[in-house]
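Report on the following structure.
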Amino acid sequence: MDFDVIVIGSGHAGVEACHASAKLGLKTLLLTLNLDSISFLACNPSIGGTAKGHLVCEIDALGGLMGVVADQNTIQRRMLNSSKGAAVQSLRAQIDKITYHTSMKQILEKQPNLAIIQGEASEIIVEDNRVIGVKTAQGNIYNCKACVVATGVYLNSRIIIGDYTKDCGPNGFANASHLTQSLINLGFEIKRFKTGTPVRVHGDSIDYSKLEIQKGEDDIQNFSFITKKSPKNVVDCYLTYTNKNTHKIILDNLDKAPMYTGLITGEGPRYCPSIETKVVRFADKDRHQLFLEPEALSTKEVYIQGFSTSMPSYIQQDMVHSLEGLENAHIMRDAYAIEYDAIESTQLFPTLESKEIKGLFCAGQVNGTSGYEEAAAQGIIAGINAAKHVKNEEKIVLTRDSSYIGVLIDDLVTKGTNEPYRMMTSRAEYRLHLRQDNADLRLTEIGRKIGLVDDKRYKIYKKRIKDLEMIKKLLDLRFGIKSVYAKMFESKGETFSSSGMTIRDMIRRANITIKDVVDCDTTLFDKFSIQDLKEIEIQEKYSGYLTRQEIQINQSKKSENIQLNSDFDYSTIKGLRIEAQQKLNKIKPLTLGQASRISGVSPADIAVLMVYLKSTKK
Amino acid sequence: MVEDTICAISTPMGVGGISIVRMSGKDSLLLAEKIFRNSKTKVSDFEPRKLYLGTLQTENFNEKCLMVYFKAPNSYTGEDMVEFQCHGGVKLAEGVLKELVKNGARIADGGEFTKRAFLDGKLSLDEAEGVIDVINSESDSQIRAGYNLMQGKLKSKVSEVQGKLTDCLAKLEVSMDYPEEELEEETKIDIIKELSDVKIELEKLLSTSSTGLSIKNGTKLVIVGKTNVGKSSLMNALLNYDRAIVTDIKGTTRDILEENFEYKGVKFILTDTAGIRESDDIVENIGINKAKKSINDADLILFVVDTSEKLTKEDEEILNLLKNKENVLVIYNKIDLDCKIDKKDIPFKNIMEISAKNEKNILELKEKIYDTIFDQNIMSAPIMLTNMRHIDIISKSRDLTNIAINTAKNDINLDLLSIDIKNIWLKIGEITGETEVEEIINTIFSKFCVGK
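Sequence order for the protein chains is A and B.
The first sequence begins at 801 in my numbering and counts up by one.
The second sequence begins at 51 in my numbering and counts up by one.
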């Protein structure tokens, strides 16, 4: 069978990749180990969170799937950091993991140009350094012009519970045992990473009466800019804590913990430590916070966030029973650690294409990231660029000042990672510009140009642009009835100037929100949505900082716009230090800006490089 | 494209006939107008590529010099540029530079003019080759031992200050990246306190900048010794010419003689003192008092001893004067004659044997002086700011710290406060070279127990 693009793997990266490719008109195959694992939430039953919520909004703005499907299957949600500033506000939603899977599967089944086949990819067939097809372990050969490897944590994976190990993927799904060798044969360097997941307990066996409840929030932003009906909060989460007894059980049994016996050799993430790691490394903390999260509406299973472990099963029982409210909890699934193969991400271009094999793209956890959102973000870019590769069009690279997606991919391919990479807001130097609320303003036009943003989404975007313009015009108005505003100012602890205050002046005050102003005269803004009003408020309140950051962005653009030839041999440059030559030859940066971010390349090296670039152009 | 205006001294540091101070950036002419006056033409009406004579006004002096304006894109960098051609001397050029910084220019990073030139497509192949040599030779000059030691010490101090900011940022960032964790809430009061500490450290550093610069602009050597041990001959040997009157009559050198010489690119200010001895001669007595003062001001004291004569009471008086001083280099002169002293009587470890008259071991003496200054003196000296670019960075960091303190006091959102603190962190990083955000993230994970 002939395809334009084959996507290997149906996790969060794979589904975005195959959807993007098919939607761009390419004949696409989604090859998956198991149809029942499409978009499976193998770890926590939630999407979003700090920086991750930003990624979901960006995927949505480009025309991806995750935001829409997450909104459809949200059962509880909260806006994190609401008091800490607009830039870091992040949506986090509990997701029904069962319906999330079925919704996504249905969307893909209906997608024109997309075939879905269950099978284990065993070899990527390459001719003249160009992908020409994929072979399966079952003996089928599918021809293609481009391939996206989105195999997640399934390459040679094994799970570990105490001294029990099993070669399989997450949740007992079969793993992929052939493809790593094929990747090695193609020149990929393979790393061994590790992550883990906590126990699932039966909800009826939890004594919620002892626990602190955590409710969802209403009237907050959605993941998707085209979601019309905001999701409702239909479940609650609960909080519990580890205690001295829990810690004693863990410390007494460290000799049985695979993390400490040497059974686990993979590199684990610092930000996602197992509970035994937390107890050992932060011995002065007498408790650790845990969240109890329902997995889906149609099951009683409850996920204990913060309680990852690879202790033997019987010790897990003791550990869980030491927790308040879980004294009699019935464990349905054990916690486990999982080890898997990942590729060295610096072997990819910022387009996510391999530097060696044309038409071969990699996305998601196989690139060394962690998290559904990080995977999906790479998936959509890999899918777009695989399609562009087949169409022979220029591939896209999102810049660090455009999006978290740009920051994520640039970090991966320029710096690489020694542990599963998690997105954090502190990684984005232009964080103030890269907010959830303006993801559509940043990326919808780009998505439209690519061809993923359909008319429906584009119309919604255009209407928003128009509304925002109208609100901005209203800001120059002076207040109506003076006394009403004066009173509002007083109640907010701000001093009111009775002469010459515009609405803009008012909302630039630290303690005055646009809602306060709207409430003073409801007739003025009644036709606008609260999201749009808030958007303008943020733009105004942050205008000083935003302008300064814009200057920095413009300064960096100069070197971002200078393109480098990826075939160039840097060892021919006299005056460049050997370390810099080696690093540049390894990373093969596409722009001068990217070159300057390689660790081990100094500003003096960049100066030398610039000088030579100029001389070779002549 | 928005670029700030940069400035630098373009001529080599040290002694020279003229110094050129250069500026590049869109505000170059505007800045020049603030400090330069020509009797006939307004600066804003200057014709490009034409030399104008005029007066450059700075806080401390007025300098009659030439100015030339290059209009974009016809300049080295392709931006608007202004050059001042002043009289020679580091102090003067630095004064001009200071004035430019005061008016809003920024001191250029190494290679920044070239970088701009390249970005504007202004560099030819020949020039390009030349510039690489400059970049490489710059790093050669930095290998100089003494300079490196001093820089290393400054860097570690500055790193320490940056470390405080890293901790501060990590606390803020962790609370934003891990809002659901049970973390001790960092109060604004704590942050204000930490920032105030940083500010104090930066101000301390800044207060050393004038002494630091003076070491860089000239290391003070003073020659002491009883009358007629050959101090003047030594001075002449070091300077390579007859400056002091050399006679055999004791007390010939009556006043302080001050001269400069350069060795390995470092300027030494050499002071010869009147032979220290009790004298009834009023003129000579004034000289002796001045000599005592010079000893206290000196970076290194060269104590000359005549080995051809036994130690006298005068030698012992000088020894008494030098008691408790560590910055002493003993010079045994007249080693071509028989040695009649017991060297055990001179309790200093740092020794050099010469014959000033025959110019024996003079080069070795210079080397010894250089090593002593840069190995011992600098290591034991307090940290000093000696580099105009560093002073500029520290002073801007201090200003940014003030801004951040105000932001914290005004109860502004954390995402904005973190930008203000990160700005200081990045500015200081221009000295330490540490501007990798990964450093903050590492601190987060090493100090806080976060993650699900």
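Backbone N, C-alpha and C define an ideal beta-carbon position, used for all residues, glycine too.
Backbone secondary structure at residue i - three-state DSSP
i: PRO229/B; result: coil
i: ARG1222/A; result: coil
i: ILE1378/A; result: helix
i: PRO912/A; result: coil
i: HIS1047/A; result: helix
i: GLU359/B; result: coil
i: GLY139/B; result: coil
i: GLU1012/A; result: strand
i: PRO126/B; result: Reading off the sequence shown, one finds Tyr at residue 126/B, where the question assumed Pro. In the structure shown, TYR126/B sits in coil (DSSP, three-state: anything other than H, G, I, E or B).
i: ASN1365/A; result: coil
i: THR1242/A; result: According to the sequence displayed, residue 1242/A carries Arg and not Thr. In this structure, ARG1242/A counts as helix in the three-state DSSP scheme.
i: PRO998/A; result: coil
Beta carbon proximity, residue i to chain A, threshold 8 Å
i: PHE353/B; result: no
i: VAL248/B; result: no
i: GLU22/B; result: The shown model of chain B, from 51 to 502, leaves out residue 22/B, and the question about it has no answer.
i: ASP461/B; result: yes
i: CYS389/B; result: no
i: CYS499/B; result: yes
i: ILE68/B; result: no
i: LYS300/B; result: Confidence is the limiting factor: at LYS300/B the pLDDT is only 49, short of 50, which leaves the residue's position unreliable, though a coordinate-based value still follows. It does not: the Cβ of LYS300/B has no partner Cβ on chain A nearer than 8 Å.
C-beta atoms of residue i and residue j nearer than 8 Å
i: ILE838/A; j: MET904/A; result: yes
i: LEU464/B; j: LEU222/B; result: yes
i: PRO998/A; j: TYR1103/A; result: yes
i: ALA946/A; j: THR1244/A; result: no
i: ASP1211/A; j: TYR1221/A; result: yes
i: LYS390/B; j: GLU364/B; result: no
i: ALA813/A; j: GLY1216/A; result: no
i: THR451/B; j: LEU289/B; result: no
i: PHE134/B; j: ILE70/B; result: yes
i: THR852/A; j: GLY1171/A; result: It is worth fixing the name first, because residue 852/A is Lys in this sequence and not Thr. Yes. Within cutoff.
i: ILE345/B; j: THR269/B; result: no
i: ASP1237/A; j: ILE1338/A; result: yes
Chain-ordered neighbours of residue i on chain B, where CB pairs are closer than 9 Å
i: THR1391/A; result: The premise fails here: THR1391/A is roughly 13 Å from chain B at the closest Cβ pair, so nothing lies under 9 Å.
i: LEU1420/A; result: Residue 1420/A falls outside the range modelled here, since chain A spans only 801 to 1418, and no answer is possible.
i: PHE1394/A; result: For the record, residue 1394/A in the displayed sequence is Gln; it is not Phe. What GLN1394/A touches in chain B: nothing, since even the nearest Cβ is about 15 Å away.
Within chain B, the residues that residue i reaches when beta carbons sit closer than 8 Å
i: ARG1200/A; result: Ordered by position in chain B, no residue passes the 8 Å Cβ test against ARG1200/A, which lies about 11 Å from the chain.
i: ASN881/A; result: MET226 and PRO229
i: THR850/A; result: MET226, ASP227, TYR228 and PRO229
i: HIS1088/A; result: GLU232 and CYS499
i: LYS884/A; result: SER225, MET226, PRO229, ASN463, LEU464 and ASP465
i: GLU1229/A; result: VAL487
Chain-ordered neighbours of residue i on chain A, where CB pairs are closer than 8 Å
i: PHE495/B; result: ARG1070 and TYR1071
i: THR164/B; result: ALA1407, MET1410 and VAL1411
Beta-carbon separation (whole angstroms), residue i vs residue j, contact threshold 8 Å
i: ILE961/A; j: PRO1112/A; result: 7 Å
i: THR1302/A; j: ILE1138/A; result: Contact flag wrong, Cβ pair sits at about 58 Å.
i: THR874/A; j: GLN889/A; result: That pair is no contact at about 17 Å.
i: ALA915/A; j: LEU829/A; result: 5 Å
i: SER1030/A; j: ASN1022/A; result: 6 Å
i: VAL931/A; j: LEU1160/A; result: 5 Å
i: ILE443/B; j: ILE481/B; result: 6 Å
Partner residues on chain B for residue i, Cβ-Cβ distance less than 7 Å
i: TYR1038/A; result: Within 7 Å Cβ-Cβ: nothing; TYR1038/A doesn't reach chain B, min ~13 Å.
i: SER1226/A; result: GLU223, ASP227, VAL487, ILE490 and ILE491
i: VAL888/A; result: MET226 and ASP465
i: PHE1082/A; result: CYS499
i: TYR1345/A; result: LEU466 and ILE469
i: LYS1078/A; result: CYS499
beta-carbon residue i near the ligand FMN non-hydrogen atom, thresh 7 Å
i: GLY138/B; result: Here there are no bound small molecules, and the ligand FMN is not part of this structure.
Cutoff 8 Å: residue i Cβ touching any chain B Cβ
i: TYR1008/A; result: no
i: ALA1177/A; result: no
i: LYS1085/A; result: yes
i: ALA1310/A; result: yes
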